[in-house]
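Report on one structure; see the data block that follows.
Numbering (my numbering), first residue to last: 563 to 700.
Right, here's the structure in full:
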């Protein structure tokens with residue numbers, strides 16, 4: 563069977579990322595608003611849940627032709643979460659740099675947030691595609 567094109571994979575990866583955002587935001591909101599958790603504890607739990615959800619979806623949809631054997635899924639997940647963490651740091655770095663360079667963006671923080679998200683998405687897709695699920699040559 564032929565592997566999906568990069569365009570299709572990027573579309574699926576972006577769609578899965580949207581699902582991950584919903585999981586992340588929902589858990590974060592419920593933990594803070596309903597249960598009174600500390601912001602940072604809630605964020606660590608919501609990020610972990612979102613990463614697990616997107617890993618499972620990306621492994622079964624976006625990169626299903628490139629998944630590894632069942633006995634190494636643990637290391638696959640470690641690689642996936644590593645890419646996600648670096649992508650999140652890139653996202654945050656871009657956000658901080660833009661708000662430092664152009665303080666007026668503090669009035670409309672969704673702009674640097676969106677720019678950071680695009681950079682994070684691009685890194686996450688490249689890292690996942692090239693390191694976590696590289697093309698298998700049979």
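Quick reminder that beta carbons are idealized off the backbone N, C-alpha and C, glycines included. Treat the numbers as computed from the prediction; the structure is a model and nothing was measured.
- Shown here, residue 567 sits in coil according to DSSP, grouped into three states, outside any helix or strand.
- Under the three-state reduction of DSSP, residue 617 is assigned to helix.
- In terms of Cα proximity to residue 672, the closest of 682, 657, 620 and 662 is 657.
- A distance below 7 Å between beta-carbons, with the five flanking residues on each side excluded, links residue 693 to the following residues of its chain, in chain order: 641 and 645.
- Residue 685 and residue 595 have their alpha carbons spaced roughly 32 Å apart.
- Taking a C-beta distance under 8 Å as the contact criterion, residue 683 and residue 624 do not qualify as a contact pair.
- Between residue 613 and residue 582, the alpha-carbon positions lie close to 7 Å from each other.
- 652 is the residue among 627, 652 and 690 whose C-alpha sits nearest the C-alpha of residue 680.
- By the CB criterion at 8 Å, residue 600 and residue 697 fall outside the cutoff.
- Separation of the CB atoms of residue 649 and residue 689 is rounded to 7 Å, and the pair is thereby assigned contact status at 8 Å.
- Residue 662 has its alpha-carbon roughly 9 Å from the corresponding atom of residue 668.
- Residue 600 sits in coil when the DSSP states are folded into three classes, being neither helix nor strand.
- Taking 8 Å as the cut-off, the beta carbon of residue 674 is found no closer than this to the beta carbon of residue 654.
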